[in-house]
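Residue numbers (the UniProt record's numbering), protein chains in the order written: chain C, 1 to 157; chain Z, 1 to 157; chain P, 1 to 157; chain V, 1 to 157.
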């Protein structure tokens with residue numbers, strides 16, 4: 001199976017800068033998939049490096065456009081958690097593909113990150129679910145439109 | 001959803017001893033699921049701590065017995081990779097449950113482990129697949145009887 | 001040997017919050033010293049949790065007061081890197097003690113942190129150097145007044 | 001300051017193999033020193049990859065020969081913990097150099113390793129101590145001949 005990965009930024013890719021601030025760094029997903037010894041063909045597209053709270057409809061149109069344009073049937077979108085549910089809903093009109101949106105509450109570069117687990121969750125969803133748009137977070141797979149982020153607890157419900 | 005986790009040992013739980021040897025330590029799965037912020041009810045059963053190369057039919061009968069006995073519909077079995085496929089086949093006669101067997105090529109206590117990814121893969125399979133027995137390794141979900149370990153490459157195919 | 005550790009915050013103790021921002025979390029030094037199997041008597045005092053760019057003379061007076069007051073001869077101060085050199089100079093009038101100031105460019109909670117190495121550097125300096133005030137960073141031990149932070153490169157020279 | 005590093009193996013460099021055993025892998029010291037942003041000139045010499053319990057006098061003669069031959073005044077030897085004290089004593093006849101022997105109880109490739117701390121300890125000792133041979137372990141600096149490994153507790157005393 002081939003998986004096309006589109007990265008958009010978010011906490012998943014956050015790094016700590018020399019200036020003592022967090023910034024969205026180079027995407028980590030390729031190294032995480034390699035460490036997991038994933039036996040899929042992976043293609044990668046780094047679309048943007050944004051905090052998802054700053055994404056607007058133009059950004060979401062671009063993400064939708066890129067998901068539609070790829071000839072891959074299985075698309076993984078990595079995304080900040082703040083507006084992940086909005087983007088997932090924005091992708092719902094796409095047909096003929098399995099699309100899974102995931103991210104992380106703790107950056108992959110931190111020792112206690114949820115990132116590798118979430119990627120495993122997403123990769124399983126890509127191969128077990130019918131065409132549609134899904135969110136993979138908090139150990140759960142949600143169809144787009146059926147998840148919301150509980151900001152106080154830092155989980156998707 | 002409730003997930004009952006049965007741990008049997010394997011590389012996943014390996015630790016490095018004061019004597020400079022490896023041993024199968026206390027199960028890591030609870031801490032990995034917590035770090036992943038998993039929103040499922042988890043029950044844990046530490047059945048044994050064995051290198052799976054040493055498991056015999058008595059051990060496999062015990063694992064099958066425990067999987068059957070639990071009232072949970074969703075069962076995750078953590079297991080060494082050497083005979084994971086044998087145990088999965090041994091569980092195939094169990095009906096009415098989703099059973100996913102996973103493990104790791106690198107111990108969870110090592111920095112480059114595939115363990116958290118594999119657990120994510122398994123947790124997604126538990127909630128997306130019909131009743132049956134599956135192996136979650138190498139980024140893939142295999143029905144029992146359809147996977148083998150490629151020992152030279154360290155992947156399941 | 002007894003080491004009294006005074007923590008003041010800085011990148012060393014940074015954590016990533018549920019709101020996707022960084023904050024100075026609970027001090028990490030005790031767990032790092034335990035992991036290193038350090039055979040010293042350690043006493044800990046969490047004085048403040050501040051970004052060192054925000055420390056003023058009142059804060060530095062308080063740090064100096066606490067270093068002076070402890071009956072320990074060997075004092076380790078963990079501190080943000082931005083004004084670590086200023087605080088070290090502020091402590092120079094203290095006599096009869098070995099005082100080492102250290103911190104980290106990358107938070108200890110990140111996988112590629114310099115924190116454990118820097119703590120090792122500081123703990124060795126505490127036991128090998130005469131009374132005085134020192135900075136332990138970038139693999140080097142500097143007497144107070146002889147180090148500056150090269151902000152562009154993220155190292156002390 | 002230039003530091004010449006001679007690596008001999010030991011738990012520090014242990015990796016977990018595809019066969020589920022531990023082996024002594026490529027030396028980790030260069031990447032640990034880089035992560036620590038060490039501002040010294042480092043030269044590296046990978047002499048052997050041995051469990052120190054298997055080192056004999058021929059091996060120790062070779063280590064002594066290499067330490068003597070290098071034109072560096074500051075030499076760091078990474079070594080297994082079982083016979084680290086023997087090797088340090090074997091080096092005592094060397095004059096005109098600061099020689100520090102260190103290693104780790106937990107491999108650097110494990111998440112809870114003492115390796116980066118121990119390297120920091122050793123690097124500080126190299127620059128603060130007079131010519132001689134030292135062991136840097138358990139948060140302490142011991143002159144050669146004054147340390148022994150407490151095998152039951154996994155610490156040097």
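Positions of the beta carbon are idealized from the N, C-alpha and C atoms, including for glycine.
C-beta contact flag for residue i and residue j at 8 Å
i              : j              : result
residue 123(V) : residue 94(V)  : no
residue 126(P) : residue 65(P)  : no
residue 165(V) : residue 80(V)  : Any question about residue 165(V) goes unanswered here, given that chain V covers just 1 to 157.
residue 11(P)  : residue 103(P) : yes
residue 2(V)   : residue 138(P) : no
residue 111(V) : residue 110(Z) : yes
residue 8(Z)   : residue 63(Z)  : yes
residue 34(C)  : residue 25(C)  : no
residue 142(P) : residue 149(P) : no
residue 39(V)  : residue 140(P) : yes
residue 129(Z) : residue 98(Z)  : yes
Residues bridged to residue i [DSSP beta-bridge criterion]
i              : result
residue 143(V) : 134(V)
residue 4(V)   : 43(V), 75(V)
residue 99(P)  : 75(P), 133(P)
residue 15(Z)  : 23(Z)
residue 150(C) : 155(C)
residue 179(C) : Summary: the structure shown does not reach residue 179(C), with chain C confined to residues 1 through 157, and so no result is reported for it.
residue 9(Z)   : 50(Z)
Residues near residue i in its chain [Cβ-Cβ closer than 8 Å; skip 5 each side]
i              : result
residue 32(C)  : 108, 115, 116, 119
residue 158(P) : Beyond the ends of chain P as shown, which are 1 and 157, falls residue 158(P); an answer cannot be given.
residue 96(C)  : 73, 131
residue 58(P)  : none
residue 22(V)  : 14, 15, 16, 107
residue 53(P)  : 80, 82, 83
6 Å Cβ shell around residue i - same chain, five flanking residues per side excluded
i              : result
residue 100(V) : 76, 122, 125, 126, 134, 136
residue 145(V) : 89
residue 147(P) : 85, 135, 156
residue 4(V)   : 43, 70, 72, 75
residue 92(Z)  : 133, 144
residue 6(P)   : 45, 47, 66, 77
Neighbourhood of residue i by C-beta, 7 Å cutoff - its chain only, sequence neighbours within 5 removed
i              : result
residue 105(Z) : 11, 81, 114, 154
Interfacial residues, the region 90-116 of chain P to chain C, with Cβ spacing under 8 Å: Here the close residues are 105, 106, 107, 109, 110, 111, 112.
Chain-ordered residues of the region 20-40 of chain Z with a beta carbon less than 8 Å from chain C: Under the 8 Å Cβ criterion, the region 20-40 of chain Z contributes 32, 33, 35, 36, 37, 38, 39, 40.
Contacting positions in the region 134-155 of chain V - beta carbon closer than 9 Å to chain Z: Within the region 134-155 of chain V, the residues whose Cβ lies closer than 9 Å to some Cβ of chain Z are 151, 152, 153, 154, listed in chain order.
Members of the region 56-84 of chain V near chain P, C-beta cut-off 8 Å: The region 56-84 of chain V vs chain P, Cβ under 8 Å: nothing.
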